[in-house]
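J.: In the numbering used here, the protein residues as written are 1185 to 1396.
The beta-carbon is built from N, C-alpha and C at its ideal position, and this holds for glycine as well.
Handing you a structure now.
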């Protein structure tokens, strides 16, 4: 088999990459699960922005946001999931890890036939125009927010199962989300996040109290 036929099989291996590896988990989470959840949340944020805050610019395509979110951590299928305390320990390490991620993304791109690479390149690499192009910047921020919301509801779920290991992580993640000052994030936190800690019966019967 040629290397150019390996891409989709590699994406399937995201289910072997475990997250939160330094913490005791009541329920483990793998990269495939996280990627799906982040994509769903990112799509939701884009729809909330479009419907509830039509005055915000630039206008974003929720499908593009969702696709970016789905692939946002794919490089970890090669690098593994580096725990956050290690990744952000110092600026030099953070810069070095970004270079490793870029190399891994380039390697993944070359696991596709050449005629398909143009379509996937924007999904696998950090957009070079993210700091100068308003649309790219907004998409990048929204995917980052969705990634943090996924982490937040993971912490919330762990706490609901009595696992206090995630309390500090939840407080820290919520603080970072609030600092982003994105109205669509505030809507998600107030209206949708509380339901993630409920049982199936409560979800089915609408026993969800929005946060105020």
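1. Helix, strand or coil for residue 1202 per DSSP?
2. Report buried or exposed for residue 1221, applying the criterion of at least 16 other Cβ atoms within 10 angstroms of its Cβ.
3. At the level of alpha carbons, what is the spacing between residue 1282 and residue 1203?
4. Quick test of the definition: if touching needs 3 or more C-beta pairs under 8 Å, does the stretch 1338-1353 touch the stretch 1285-1292?
5. Starting from residue 1304, follow the alpha helix (DSSP H) in both directions and report where the run begins and ends.
6. At the level of alpha carbons, what is the spacing between residue 1215 and residue 1238?
7. Could you compute how far the alpha carbon of residue 1191 sits from the alpha carbon of residue 1295?
8. If we ignore side chains and look at the alpha-carbon of each, how far apart do residue 1260 and residue 1388 end up?
9. By the DSSP assignment, the alpha helix (DSSP H) with residue 1247 in it spans what residues?
10. Quickly, what does DSSP pair residue 1347 with across the bridge? List them, please.
11. Considering only their Cβ atoms, is the gap separating residue 1240 from residue 1323 smaller than 8 Å?
12. Taking all protein chains shown into account, do 16 or more other C-beta atoms lie within 10 angstroms of the C-beta of residue 1207, making it buried, or fewer, making it exposed?
13. Could you pull the start and end residues of the alpha helix (DSSP H) that residue 1371 belongs to?
14. In the DSSP assignment, find the alpha helix (DSSP H) that holds residue 1281 and state where it starts and stops.
15. Under the DSSP definition of a beta bridge, which residues are partnered with residue 1209?
T.: Walking through what the data contain:
1. Counting from one through the chain shown, the residue named residue 1202 turns up at place 18. In the three-state reduction of the DSSP assignment, residue 1202 falls in the strand class, which pools E and B.
2. Start at 1 with the first residue of the chain shown, and residue 1221 comes out as number 37. When all chains shown are included, residue 1221 counts as buried.
3. Locating residue 1282 in the chain shown gives position 98, where the first residue counts as 1. Locating residue 1203 in the chain shown gives position 19, where the first residue counts as 1. Their Cα atoms are separated by approximately 18 Å.
4. no
5. What you label residue 1304 is simply residue 120 of the chain shown in a count that begins at 1. Element bounds for residue 1304: 1298-1308.
6. Residue mapping note: residue 1215 aligns to position 31 of the chain shown, counting from 1. Residue mapping note: residue 1238 aligns to position 54 of the chain shown, counting from 1. Across the structure, residue 1215 and residue 1238 are spaced so that their CA atoms are roughly 33 Å apart.
7. As a first step, residue 1191 must be located in the chain shown, where it is residue number 7. As a first step, residue 1295 must be located in the chain shown, where it is residue number 111. Taking the straight line from one Cα to the other gives about 5 Å.
8. Position 76 of the chain shown, counted from the first residue, corresponds to residue 1260. Position 204 of the chain shown, counted from the first residue, corresponds to residue 1388. In a straight line, the C-alpha of residue 1260 is about 35 Å away from that of residue 1388.
9. On the chain shown, residue 1247 is found 63 positions in, with the first residue counted as 1. 1246-1254 is the span of the alpha helix (DSSP H), which, as asked, contains residue 1247.
10. Counting from 1 along the chain shown, the entry for residue 1347 is found at position 163. According to DSSP, which records beta bridges pairwise, residue 1347 is partnered with nothing at all.
11. If you number the chain shown from 1, residue 1323 lands on position 139. If you number the chain shown from 1, residue 1240 lands on position 56. Cβ atoms of residue 1323 and residue 1240: not closer than 8 Å.
12. Translated into positions along the chain shown, residue 1207 becomes position 23. Of the other Cβ atoms in all chains shown, fewer than 16 fall within 10 Å of the Cβ of residue 1207; this residue is therefore exposed.
13. In the chain shown, residue 1371 corresponds to position 187, counting from 1. Segment 1367-1371, the alpha helix (DSSP H) holding residue 1371.
14. Numbered from 1 along the chain shown, position 97 holds the residue referred to as residue 1281. Residues 1275-1293.
15. Position 25 of the chain shown holds residue 1209. Bridge partners of residue 1209: none, in fact.
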